[in-house]
Amino acid sequence: MNNLELAQQSLIYASALELPSPYQYADRAEIHSYFQDYDLALSDLTKAIAINQELSYPYYIRAKIHADMNNLEAALIDANLAIQFSPSNATYFLFRGLNYSLLGEATLSKTDDETAKSLSQGNLSSMHNTD
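Numbering that gives the first Met the number 0 applies: residue 0 is where the sequence shown begins, and numbers increase by one.
Printed below as a string of structure tokens:
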């Protein structure tokens, strides 16, 4: 058993022992996705979202899985939800911009890239602020 398979088994075991959290389900979904077990991944993300419908992370992970499955429209829907619940996350804008680009929406892609850059610069500025 390699390290990733061992990690998957450990996460599944730990999830069974603890009260479920949306982050546990989302993390396990990423592992299922790595092994291209998209049905299990999407099932875990459905559980994560049922626990907290306003948490952006499970929507982002589900968007990535939809993109991996070449379902870019579904990926955009979930990327939009991730951004709705976490509008200052530059990674979400970069991801959505990439999907827009793949769909031939150059203007929307550029807008998201610029937003991500602005958010990233803002985060760096606030880290250096000594006020």
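For each residue, glycine too, the CB sits at the ideal point set by N, CA and C.
When I64, Q83 and S108 are compared against S100, the one with the closest alpha-carbon: As a working mapping, residue 100 is identified with position 101 in the sequence shown. Its Cα nearest to that of S100, the residue S108 stands out among I64, Q83 and S108.
Outcome for Y33 when other beta-carbon atoms lying within 10 angstroms are tallied against a minimum of 16: Within the sequence shown, the letter at position 34 stands for residue 33. Y33 comes out exposed.
Stretch-stretch touch, CB-based, cutoff 8 Å, three pairs: the region 43-57 with the region 65-72: Segments in contact, no.
Buried versus exposed call for N128 [16 or more other C-beta atoms within 10 Å across all chains shown]: What you label residue 128 is simply residue 129 of the sequence shown in a count that begins at 1. Residue placement at N128 cannot be trusted, given a pLDDT of 39 that sits under 50; what the coordinates show is reported in the next sentence. Exposure of N128 is indicated by the presence of fewer than 16 other C-beta atoms within 10 angstroms of its C-beta.
Beta-carbon proximity check, A28 vs L41, cutoff 9 Å: As a first step, residue 28 is located in the sequence shown; it is residue number 29 there, counting from the start. As a first step, residue 41 is located in the sequence shown; it is residue number 42 there, counting from the start. Yes, Cβ-Cβ distance for A28 and L41 is below 9 Å.
Opening and closing residue of the alpha helix (DSSP H) in which G96 lies: Mapped onto the sequence shown, residue 96 falls at position 97. First-last of the alpha helix (DSSP H) with G96: A89 to L101.
Outcome for L44 when other beta-carbon atoms lying within 10 angstroms are tallied against a minimum of 16: Start at 1 with the first residue of the sequence shown, and residue 44 comes out as number 45. Counting Cβ neighbours within 10 Å, L44 comes out buried, since at least 16 surround it.
Counted within 10 angstroms of its Cβ, other Cβ atoms place A189 as buried (16 or more) or exposed: Nothing can be reported for residue 189, as the shown portion of the chain is limited to 0 through 130.
Of the listed residues L93, P19, E4 and E72, nearest to S119 (C-alpha basis): Counting from one through the sequence shown, the residue named residue 119 turns up at place 120. Nearest to S119 by C-alpha distance, out of L93, P19, E4 and E72, is L93.
Terminal residues of the alpha helix (DSSP H) in which S32 lies: As a working mapping, residue 32 is identified with position 33 in the sequence shown. Under the DSSP assignment, S32 falls in the alpha helix (DSSP H) whose first and last residues are P21 to Y33.
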